[in-house]
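Quick note on numbering: the sequence shown equals residues 0 to 226 in numbering that gives the first Met the number 0.
From the three backbone atoms N, C-alpha and C, an ideal C-beta is built for every residue, glycine too.
Source: prediction; values computed, not measured.
Reviewing the structure listed below.
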Amino acid sequence: MEYNLDRPLQWLVCLLHCNELPFKRFLPGMDFARTAGPSTSTGTISSALEYDPNELPVVNYFPITGKVTDCDEAVKKDLSTDQLYFLKACLAVERGRQASTDIDFLEKSLPGNIIHARWLTKANRILRLCMSREVASEHLRRVTHFILNFYGPFWFKIKSNSSCQNGANNFFYLVQLFQELDALDQAVTNRQRDIETQKCLQSRNAFFMFYDFEQLENNDFIDNKMV
């Protein structure tokens with residue numbers, strides 16, 4: 000498979016999962032939140048996510064700079080309802096109410112119910128909450144900025160380049176996004192990044208444990224990948 004794909008097999012890890020966990024670490028790290036039930040949490044932002052979207056009109060909010068860009072129509076057709084909501088919400092927050100063309104869609108659509116394991120839904124609700132605040136709090140703006148500059152762009156990068164052959168390039172993009180975060184945001188997510196790196200290394204070593212090395216035609220391949 001290594002030769003056929005022309006890519007190292009250690010890239011065959013769940014990059015979406017790799018993207019979820021830094022966000023999972025970042026939100027409670029900024030909000031000092033703790034889970035208080037199957038769908039409830041403490042913390043100013045986390046507890047505010049349990050709102051009824053119908054009771055939160057979109058106001059003339061301040062846009063927040065981000066790196067999420069619009070997707071090709073072919074990619075959009077492959078998005079589920081909540082994924083399309085996520086794309087439109089990201090673009091709307093980046094552009095501001097006056098420049099966005101998706102406000103009606105976002106007001107009429109529901110961002111989904113809170114479930115701790117569903118971080119895309121939490122991101123949707125955070126973005127929708129931000130659009131209901133003329134002046135968002137500093138913590139809400141920081142979490143929203145993280146979604147627009149790390150979680151969101153990498154999520155759509157994977158969705159637009161989902162082939163396993165793009166794994167190395169996708170992961171390199173993740174590293175770039177992390178390096179462009181400010182020092183505080185890096186500090187909050189750094190511990191989770193180290194954990195995920197260790198998991199990737201464990202997955203790679205597990206592959207070599209089950210691989211029949213005698214069938215390899217080029218022994219240099221092993222030396223290069225085990226370094």
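- Assignment of S161 by DSSP, reduced to helix, strand and coil, places it in the coil class.
- Judged by DSSP secondary structure, Q82 falls within the alpha helix (DSSP H) whose first and last residues are 80-94.
- Taking C-beta atoms under 8 Å as the contact rule, V67 and G151 qualify, at a distance of about 4 Å.
- Contact check for C129 against Y50 fails: the beta carbons are separated by 8 Å or more.
- Where A167 is concerned, the enclosing alpha helix (DSSP H) starts and stops at 166-178.
- The C-beta of T143 has 16 or more other C-beta atoms within 10 Å across all chains shown, which makes the residue buried.
- The alpha carbon of T188 has as its nearest neighbour, out of W154, N18, K75, the alpha carbon of N18.
- When DSSP states are grouped into helix, strand and coil, T34 belongs to the strand group.
- The way I'd put it, the segment 103-110 does touch the segment 82-90; three or more beta-carbon pairs between them come closer than 8 Å.
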